[in-house]
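Under our numbering, the residues of the sequence shown are numbered 896 to 1155, in order.
Glycine is no exception: its CB is placed at the ideal position from the N, C-alpha and C atoms.
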Amino acid sequence: LVPRAPTVDWTDAVLAAMDDQLAVVVVPACHWHDGSLLDLDRVAAAARARGAALVVDATQALGVLDLDLHALDADFVVAAGHKWLLGASGLAYLYVAERHRSGQPLEHSAWSRVGGLGAAIIKDGPPPLLDGAARFDGSGIYSHPALAMAEIGLAQLQDWGIAAVRDRLGCWQAELLAALSTAGLADWTVTAQAPHLSAVWAPGADAAQSEALAQALLDQGIVVAARGAGIRVSPHLHNSSADARRLAQALGPAWDRLRG
896 LVPRAPTVDW TDAVLAAMDD QLAVVVVPAC HWHDGSLLDL DRVAAAARAR GAALVVDATQ
956 ALGVLDLDLH ALDADFVVAA GHKWLLGASG LAYLYVAERH RSGQPLEHSA WSRVGGLGAA
1016 IIKDGPPPLL DGAARFDGSG IYSHPALAMA EIGLAQLQDW GIAAVRDRLG CWQAELLAAL
1076 STAGLADWTV TAQAPHLSAV WAPGADAAQS EALAQALLDQ GIVVAARGAG IRVSPHLHNS
1136 SADARRLAQA LGPAWDRLRG
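As structure tokens, this is what we get:
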């Protein structure tokens, strides 16, 4: 795990933690706590310079942010399907660089072999692994509801266009920042690097107070998430300008009530 002081950029912290003993670098494209963005190009270059593999968790990025797999040349990219890709829990996406597609999977199951469950594994021995990245699938992959929801979710994203989603959420975030300023929360800390995922910190709040603040907002019908000492805000297209103003106007009074 990479330690980081609050004032240090995540990319700089990751680069500082690299040494010549490094074998694998695993980083998110977008930090799930507050939407902090990592400079994946710099991280990838540093990993290659040390002969280390690069694994990117794109769960909080795909569906909103662009990710050029060919330019990045990561060894593996993975993303859960139930976040910004509009799918259900229980299904994820995996990209495997061509140089690894003949490799050995961590899990050897019938699903990852030619013939699947219909293969005579016990009688004839294990059949060959599937070609390409499919050999890395886990067992029990065929959740039909999850597959159906994934298909619909991806089709909807294609219909909207990723750029349109990103632009709309960026506008919503700008409205939230303006509403926070209007609400007199100048002494609150805000992280807003990603257009779709930001965080606000009440002055001097700790993790327990953050949990209490999130619950107080939920009691008013406002859904946010406590992440560390901050409050994560992650809207989507169904959220309106009125939602941004309502959140900003509710934060200060809710915090004041918690402090008595």
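Taking each of Gln999, Val959 and Glu993 in turn and checking the Cα distance to leucine 980, the smallest one comes out for Val959. As DSSP reads the structure, threonine 954 sits in no beta bridge. Note on geometry: alpha-carbon atoms of glycine 1011 and alanine 947 lie some 33 Å from one another. Between valine 922 and valine 903, the beta carbon gap of about 15 Å keeps them out of contact (Cβ cut-off 8 Å). By the neighbour-count criterion, in which 16 or more other beta carbons inside 10 Å mark a residue as buried, cysteine 1066 falls on the exposed side.
The criterion of a C-beta distance shorter than 8 Å is satisfied by isoleucine 1126 and valine 1095. Only buried fits arginine 1008, as 16 or more other CB atoms lie within 10 angstroms of its CB. Counting along the chain, serine 1007 sits inside no alpha helix (DSSP H), nor does DSSP assign it H or E at all. From the listed residues Ser1093, Ala1111 and Ala1109, the smallest Cα separation to glutamate 1070 is found for Ser1093. Taking C-beta separations shorter than 8 Å and ignoring five residues to either side along the sequence, the partners of valine 973 in its chain run Val950, Val951, Asp952, Ala953, Thr954, Ala987, Tyr988, Leu989 and Tyr990, following chain order. For glycine 1125, the enclosing beta strand (DSSP E) starts and ends at 1125-1128. Assignment of serine 1093 by DSSP, reduced to helix, strand and coil, places it in the strand class.
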